Amino acid sequence: MAMTFQAVRAEATERAFSTRVVESGHSLTDPIPPMLSRMVVAAGGKPSIARSTIPGSPMDWRRNNPTDPLPNAWTDIQDYELLVLTERVSLSTTVQWHDSENEALRWVENAWTKGNGGKGAETMLYASWIHITSGPNFDNFNKDPEGHVPFRLRLPMEWERWEKIAAHVNANRPEGMPPVRMIPGPLLFAALYDAVEAKQAPDLEKMEMLFTDAIHINDIGAYFISLAHYAMIYSGDPRGLPADVGQDQPLTPALAAFMQELVWKVLNDYEGSGLAPA
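Here it is, written out as structure tokens:
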């Protein structure tokens, strides 16, 4: 099944490592700010990356509920220059009940009108992934209508919904606001899955090596997806970052280099990243 690309042409914005970033999400967001901060330090920068998460939360829940003791990406957006926003997954069980397209637009409008001390904060969408155990034997406790579809085949289905969210936001974004770009988690995980299946990923025998359970990532998985956050937030080439940035579970240099190349290629092939050649 082919992955489609977002129609809006988004241009990358070069940002300093000191850019004040807040990541609003859930447990698939939690590992990223610390890993991303380590990458920025390794690149010689001083990061300012805050985490504003509630486990298992959709966007509308985070808008209407406190994130104490963490910062609140909705009410405290004046303190930040960039919002990185994600929705609860799977989208197949979230979009219809939580009005995800319009909810994302509410967040974008709030960031643009109130962010950065009233000067306006941009928003970047972070598209994540689904349970790696998705398939015929999936423990479908949430009655996911697509829970029977295997992980790799299902990624394009989720990606299509993410693209609809991005397209809706960009079609209705505030006047003067740059297009919202999207970190393409499903594209990245699909590319890595294919590489693992083809035995092209050094020191990575199976995708399960990125996870602590069926959906939550360990340090290897966090390193992989944080490379994409690094590249897109700072418009920086992640190739050459060290394999060991101080995490508990460092990658081998060969695997780190492979992931960096793969992430950079996927992002440069994806028009919605803003990094793809015009």
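Residue numbers (this note's numbering): 4 to 281.
Quick reminder that beta carbons are idealized off the backbone N, C-alpha and C, glycines included.
These numbers were taken from a predicted model, which means no experiment stands behind them.
Comparing C-alpha positions only, which one of the options sits nearest to residue i?
| i | options | result |
| --- | --- | --- |
| residue 137 | 28, 26, 217, 40 | 217 |
| residue 266 | 133, 144, 186, 58 | 186 |
| residue 204 | 261, 69, 276, 227 | 261 |
| residue 178 | 125, 83, 46 | 125 |
| residue 193 | 75, 47, 268, 81 | 268 |
| residue 99 | 195, 188, 250, 167 | 167 |
| residue 122 | 81, 229, 134 | 81 |
| residue 27 | 145, 241, 67 | 67 |
| residue 145 | 270, 208, 91 | 91 |
According to DSSP, simplified to helix, strand and coil, what is residue i?
| i | result |
| --- | --- |
| residue 28 | strand |
| residue 23 | strand |
| residue 37 | helix |
| residue 136 | coil |
| residue 96 | helix |
| residue 4 | Because the pLDDT at residue 4 is just 37, under 50, the model does not fix this residue reliably, and the value given afterwards should be weighed accordingly. In this structure, residue 4 counts as coil in the three-state DSSP scheme. |
| residue 117 | helix |
| residue 81 | helix |
| residue 73 | coil |
| residue 259 | helix |
| residue 264 | helix |
| residue 245 | coil |
| residue 275 | helix |
| residue 208 | coil |
| residue 144 | coil |
| residue 167 | helix |
| residue 325 | Since the first residue shown for the chain is 4 and the last is 281, residue 325 is missing from the structure and cannot be characterised. |
| residue 305 | It is not possible to answer for residue 305, since the shown part of the chain is limited to 4 through 281. |
Which residue or residues does DSSP assign as beta-bridge partners of residue i?
| i | result |
| --- | --- |
| residue 183 | DSSP output for residue 183 lists no bridge partner at all. |
| residue 18 | None; residue 18 has no bridge partner. |
| residue 127 | 87, 184 |
| residue 53 | 25 |
| residue 220 | 214 |
Given a cut-off of 8 Å on the beta-carbon distance, is the pair residue i and residue j in contact?
| i | j | result |
| --- | --- | --- |
| residue 107 | residue 128 | yes |
| residue 35 | residue 219 | no |
| residue 252 | residue 41 | no |
| residue 244 | residue 45 | yes |
| residue 297 | residue 43 | In the structure as shown, the chain starts at 4 and stops at 281, and residue 297 therefore has no counterpart that could be examined. |
| residue 189 | residue 149 | no |
| residue 211 | residue 242 | no |
| residue 19 | residue 278 | no |
Tell me whether residue i counts as near the ligand GDP, meaning its Cβ is closer than 7 Å to at least one heavy atom of that ligand.
| i | result |
| --- | --- |
| residue 243 | Here there are no bound small molecules, and the ligand GDP is not part of this structure. |
* Asked: Is there contact between the stretch 54-61 and the stretch 112-119, where contact requires at least three CB pairs shorter than 8 Å?
  -> no
* Taking three-plus beta-carbon pairs below 8 Å as touching, is the stretch 91-102 in contact with the stretch 157-175? -> yes
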